[in-house]
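Peer 1:
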Amino acid sequence: MYITGIEDDETNSCSICFEAYTVSGSHRIVCLKCGHLFGQSCIERWIRTEKVAKCPQCKAKARLTDIRRLYVRAIKALDTTELECLKQVNNAYRAENDSLRIENQRLKEKIIKDGKHNPYKAEMERLSIENAQLKAKIAVQEKLASKLRSAAPPAAKMMKGAYFSLLAGPTLHLSSEPGSRSLDTNGEHFVVACKITANGRDDTVIPVHSRKPRCCKFSPFNHQIVLSTGEDHTLCVTSFDEHPRVQHRIPLPSSGWCCCWLSESDVAVGL
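Here the sequence shown stands for residues 1 to 271, numbered as in the UniProt record's numbering.
And the structure:
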């Protein structure tokens, strides 16, 4: 059915809901046998809810089969095609959002469950306990070392309050004069370059240099031998075997600043 010139208010809005007609969708324009216009969803609902359905306008009997779709040209109707499309997109987004919300909740529950049954949790707790025990042992050892340093005899003290001795061997008494900085090791003991005098408290003190030494190096070929040089213009080879002694004392033209071993019998000194 086509309508070309309807101009009354009935052509503008549905007489049931008073909303504008549409050219598509659930509220598209329709009419009954009597010719009165309605929105399709409105008139269908009207007929279904009435025991003896009648036209809302003229009270003529009406049935669902009496509904006729109209294809109009002059009636004022809203084009809701885009609106219907947007509704469909919105519904799709809502469904996707609900799905993501469910998945997010599932993952949260899984994380909580996995945390309770973490196979590494017991190992982490064990390592934490061991770490605490090690820290306690270190604290005890540091306290003991502090007591030992404070109990060391004055003749064995050196710069910054530290001291040393050649364990199970001869002891070197160190001067506290500034400038003694050189340090070397044979893998078992340490030797600090310093001014060594013969007036110490032990009989095993070895006088090596009369003035400040500058460098000392253990022999890589014999760990009981030390090469040293200093401001007394000498290069010395000292032995720390069963009979500690200076094996060689070589005069230099000036103060020695550094020395090293080239071979078992060759050495070098920097002036």
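Don't be surprised by glycine CBs; every beta carbon is placed ideally from N, CA and C.
Starting from residue 48, follow the alpha helix (DSSP H) in both directions and report where the run begins and ends.
Peer 2: Reading the sequence shown from its first residue, position 48 is the one you call residue 48. From DSSP, the alpha helix (DSSP H) with residue 48 extends over 40-49.
Peer 1: Is the stretch 100-111 touching the stretch 50-66, taking contact as three or more C-beta pairs under 8 Å?
Peer 2: Short answer: they don't touch.
Peer 1: In the DSSP assignment, find the unbroken beta strand (DSSP E) run with residue 248 in it and report its ends.
Peer 2: Position 248 of the sequence shown, counted from the start, is the residue given in the question as residue 248. First-last of the beta strand (DSSP E) with residue 248: 245-251.
Peer 1: Would you tell me roughly how many angstroms separate the C-alpha atoms of residue 140 and residue 216, rounded to the nearest one?
Peer 2: Stepping through the sequence shown from its first residue, residue 140 is reached at position 140. Stepping through the sequence shown from its first residue, residue 216 is reached at position 216. Rounded to the nearest angstrom, the two C-alpha atoms are 34 Å apart.
Peer 1: Go ahead and label residue 21 buried or exposed: buried means 16 or more other beta carbons lie within 10 angstroms of its beta carbon, across all protein chains shown.
Peer 2: Taking the sequence shown and counting its residues from 1, the one referred to as residue 21 is at position 21. Burial call: buried.
Peer 1: Rounded to the nearest angstrom, what separates residue 226 and residue 234 at their Cα positions?
Peer 2: For the purposes of this step, residue 226 is taken as residue 226 along the sequence shown, with counting starting at 1. For the purposes of this step, residue 234 is taken as residue 234 along the sequence shown, with counting starting at 1. Each residue's Cα considered, the two are about 14 Å apart.
Peer 1: Kindly list the residues whose CB is nearer than 7 Å to the CB of residue 130, restricted to its own chain and excluding five residues on each side of it in sequence; keep chain order.
Peer 2: By 1-based counting over the sequence shown, the position of residue 130 is 130. Once the five neighbours on either side are set aside, residue 130 has no close Cβ partner at all.
Peer 1: Could you check whether the stretch 22-34 touches the stretch 76-94, counting it as contact only if at least three pairs of C-beta atoms, one from each stretch, sit closer than 8 Å?
Peer 2: At 8 Å Cβ cutoff, the stretches touch.
Peer 1: If you reduce the DSSP assignment to three classes, tell me which class residue 258 lands in.
Peer 2: Taking the sequence shown and counting its residues from 1, the one referred to as residue 258 is at position 258. Strand.
Peer 1: I'd like to know whether the C-beta atoms of residue 224 and residue 237 end up nearer to each other than 7 Å.
Peer 2: By 1-based counting over the sequence shown, the position of residue 224 is 224. By 1-based counting over the sequence shown, the position of residue 237 is 237. The answer is no: Cβ separation not under 7 Å.
Peer 1: Where does residue 213 land, buried or exposed, given buried means 16+ other C-beta within 10 angstroms?
Peer 2: Your numbering for residue 213 matches position 213 in the sequence shown. Under this definition residue 213 is a buried residue.
Peer 1: In this structure, does DSSP put residue 64 in helix, strand or coil?
Peer 2: Along the sequence shown, one-based indexing puts residue 64 at 64. Helix, per DSSP.
Peer 1: Roughly how many angstroms lie between the CA atoms of residue 252 and residue 144, to the nearest whole one?
Peer 2: Here residue 252 refers to the residue found at position 252 of the sequence shown. Here residue 144 refers to the residue found at position 144 of the sequence shown. Each residue's alpha carbon lies about 45 Å from the other.
Peer 1: What did DSSP end up calling residue 199 once you bin it into helix, strand or coil?
Peer 2: Translated into the one-based positions of the sequence shown, residue 199 becomes position 199. Interpretation of residue 199 is limited by its pLDDT of 46, a score under 50 that renders its predicted location unreliable; the figure taken from the coordinates is listed afterwards. Coil.
Peer 1: Roughly how many angstroms separate the alpha carbons of residue 179 and residue 242, rounded to a whole number?
Peer 2: For this step, residue 179 is matched to residue 179 along the sequence shown. For this step, residue 242 is matched to residue 242 along the sequence shown. For residue 179, the predicted structure reports a pLDDT of 47, less than 50, and the residue's modelled location is therefore unreliable. The matter cannot be settled from this model.
Peer 1: For the beta strand (DSSP E) that residue 236 lies in, which residues bound it at each end?
Peer 2: Counting from one through the sequence shown, the residue named residue 236 turns up at place 236. Element bounds for residue 236: 234-239.
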